[in-house]
Structure formats: structure tokens, C-alpha cells
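S.K.: Start counting at 1 in the sequence shown, then tack on 1, and there's your number in the working numbering.
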Amino acid sequence: MRKPIIIGNWKLNKTIAEAVSFITAIEPLVHNKADFGVAAPYLALEKSVKAAKHLIIASENVAFAESGAYTGEVSVAMLQEIGVKWTLIGHSERRQYFGESDETVNKKVLLSVKNGLTPIVCVGETLAQFEAGDTEKIVRTQTAAALNGLSGEDVAKLVVAYEPVWAIGTGKNATKEIAQSTCAIIRHEVEIHFGKATAEALRIQYGGSVKPENIKEYLSEKDIDGALIGGASLKVDSFTAIIDALKA
Ligand code: 13P
2 MRKPIIIGNW
12 KLNKTIAEAV
22 SFITAIEPLV
32 HNKADFGVAA
42 PYLALEKSVK
52 AAKHLIIASE
62 NVAFAESGAY
72 TGEVSVAMLQ
82 EIGVKWTLIG
92 HSERRQYFGE
102 SDETVNKKVL
112 LSVKNGLTPI
122 VCVGETLAQF
132 EAGDTEKIVR
142 TQTAAALNGL
152 SGEDVAKLVV
162 AYEPVWAIGT
172 GKNATKEIAQ
182 STCAIIRHEV
192 EIHFGKATAE
202 ALRIQYGGSV
212 KPENIKEYLS
222 EKDIDGALIG
232 GASLKVDSFT
242 AIIDALKA
């Protein structure tokens, strides 16, 4: 039985003070029916880690190199020094605006896993790819490329997030049937490369306009093991409603 994992992705939102105040408000409300956490901007991470007891605190990105001449980057070791144990990798906004490619995603995944930082690897097709019927091809390619070079044991411990780009921040969420069928495709791709036991252990999230009103629908699908949540993770009220929805 896979334990659901719910992560808020704050993107370019929240100062350090705002992050700490949010975490302090949410922390007493979490329960053990799911793992809960947030991906916070780099500057807010250290104090967020200190404020969190049960919440997972993830970075939103990490450098593809261990160190060196990469101005503006933050390394795995720097994150680990302040107690960060998880990171998003390959979010579609990184792919779209910051030149993230399947190759850099793979480098980041390998480096993170090697050093004990757990990745949440994001995959998903654009609207044009969805309309062209290329969803399956895109998510298979992105999944295989991101995980290339890992062992099955490594893959079983990380998380893959399926986020159709056309459903992010648009309010136009994928139906639970579309989300389920694409998450099943991702699981099948993992099975092809790493075997059935690994595929069955891997947790796969859906992301894209998830809200308190629809989260349970997604989680009732057999291959959806959680959610990566943007907009609805920014307010204490809506994140609380998500936490409460999963209590029963
Ligand atoms: P929204 O929930 O705002 O659609 O964002 C999804 C997302 O990108 C989470 O990583």
C-alpha cells in the first residue's frame, strides 16, 4: 500500500517570514493518513526546516553540478547543510523558462540520489503535445530519461509528479480519467526499465489545478498516489482544507 504524498509548490511566492508563519499554522494539523509538505523558495528553506516537525520541506530546484563555475546555482551539499532532504526536479516552469532539458533533469536526479536528497521528478506534456495526441510518447520519454542510470531500489524511493502543462495554474484540471491513465503509463514505463516491484512501490503524484474540492477524486484512482499543488497551497485555509479532506 503506497502512502499518499501531498506537496505544495510555492514557486516564486513567500518571504521567509511568510513561509515560517504558514508552516507554524499548518504543522499541528497534519495527520498520518498521508505525507504532507511544501517546496519553498531557497531563501525560506533554512527557517522552514527549523519550523517543520512533520512537514516535508523540499527545494524547488537544485544545481546539476556538485560545485564549480555555475553562477546563481545552489548545490545538493548546500541544501543538505541546512537540513533539506527533498527537492523538486524538472518542473515544467523550469523546462519552459530556464532551459531545463531531459539531460539536465537526469544529471540532477543522479546527483541528488547519490547524495541522499530525494527527488520529486516532474514530467508532463504541453497543450500542443496533448492536442497532437503525444502525451504517452512525451511522458514515457521524459520518465525514462530522468531515471536513466538509477537502480530499481533508488527509483522505488523517489516520487514522480505528472503535471500536464495545460492544467497548471489554468483552473482547467485534467479529468481524473486522463490523470489516471497517464499515471498508469508512467508506472508502466518504470516497470519496463526497473521491474514490477519497483513500479508498484513508486509513488506518482498528479498536479494541475488540484483543490480541496477535487483532491479526493484524484486519490481514489489506482495509480495516483498524491498531488503536487500550486495555487491551492499558498493559503493556509485551502491547504488546511486539503489536509482535512484526506483525514477520512
Ligand atoms: P496549480 O495547482 O496552481 O495548477 O500548479 C500546479 C503546479 O505546477 C504544482 O507544481
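Glycine is no exception: its CB is placed at the ideal position from the N, C-alpha and C atoms. On a predicted model such as this, the values are computed, not experimentally measured, just so you know.
Is H92 near the ligand 13P - that is, is its Cβ less than 7 Å away from at least one heavy atom of it?
M.R.: Residue 92 sits at position 91 when you count from the first residue of the sequence shown. Yes, since a heavy atom of the ligand 13P falls inside the 7 Å radius drawn around the Cβ of H92.
S.K.: With burial defined as no fewer than 16 other Cβ atoms inside 10 Å of the residue's Cβ, what is the status of I230: buried or exposed?
M.R.: Taking the first residue of the sequence shown as 1, we reach residue 230 at position 229. So I230 ends up on the buried side.
S.K.: Going by DSSP in three states, A18 sits in which element: helix, strand or coil?
M.R.: Counted from its first residue, the sequence shown places residue 18 at position 17. Three-state result, A18: helix.
S.K.: Is L229 close to the ligand 13P? I mean its beta-carbon at under 7 Å from any heavy atom of the ligand.
M.R.: Counting from one through the sequence shown, the residue named residue 229 turns up at place 228. Yes, Cβ of L229 sits closer than 7 Å to a heavy atom of the ligand 13P.
S.K.: Between which two residues does the alpha helix (DSSP H) containing G170 stretch?
M.R.: Numbered from 1 along the sequence shown, position 169 holds the residue referred to as residue 170. Per DSSP, G170 belongs to no alpha helix (DSSP H) and is neither H nor E.
S.K.: When the distance is taken between beta carbons, is L159 closer than 8 Å to T119?
M.R.: For the purposes of this step, residue 119 is taken as the residue at position 118 of the sequence shown. For the purposes of this step, residue 159 is taken as the residue at position 158 of the sequence shown. Contact flag set, yes.
S.K.: Check whether the Cβ of A228 lies closer than 8 Å to any Cβ atom in chain C.
M.R.: Within the model displayed, chain C is absent; a lone protein chain is all it includes.
S.K.: Rank L30, V211, A78 by C-alpha distance to the C-alpha of H55 and give the top, closest one.
M.R.: What you label residue 55 is simply residue 54 of the sequence shown in a count that begins at 1. The residue with the shortest Cα to Cα distance from H55 is L30.
S.K.: Consult DSSP for T88 and reduce its assignment to one of helix, strand or coil.
M.R.: Translated into the one-based positions of the sequence shown, residue 88 becomes position 87. In the structure shown, T88 sits in a strand (DSSP, three-state: E or B).
S.K.: Below 8 Å on the Cβ atoms is my contact criterion, and I expect L89 with A40 to pass it. Report the Cβ-Cβ distance as a whole number of Å.
M.R.: Here the question's residue 89 lines up with position 88 in the sequence shown. Here the question's residue 40 lines up with position 39 in the sequence shown. Indeed they touch by this definition, with Cβ atoms about 5 Å apart.
S.K.: Of the choices A26, F99, I8, L44, whose alpha-carbon is the least far from that of I57?
M.R.: Within the sequence shown, residue 57 is the residue found at index 56, counting from 1. Checked all of A26, F99, I8, L44; the closest Cα to I57 is I8.
S.K.: What are the residues that DSSP puts in a beta bridge with I57?
M.R.: Sequence index remark: in the sequence shown, residue 57 carries index 56 (1-based). G38, per the DSSP bridge assignment.
S.K.: For the segment 139–159 against the segment 71–78, are there 3 or more C-beta pairs whose distance is under 8 Å?
M.R.: Counting Cβ pairs under 8 Å, fewer than three are found: no touch.
S.K.: With respect to the alpha helix (DSSP H) encompassing N107, which residues constitute its N-terminal and C-terminal limits?
M.R.: Start at 1 with the first residue of the sequence shown, and residue 107 comes out as number 106. Run containing N107: 103–115, per the alpha helix (DSSP H) assignment.
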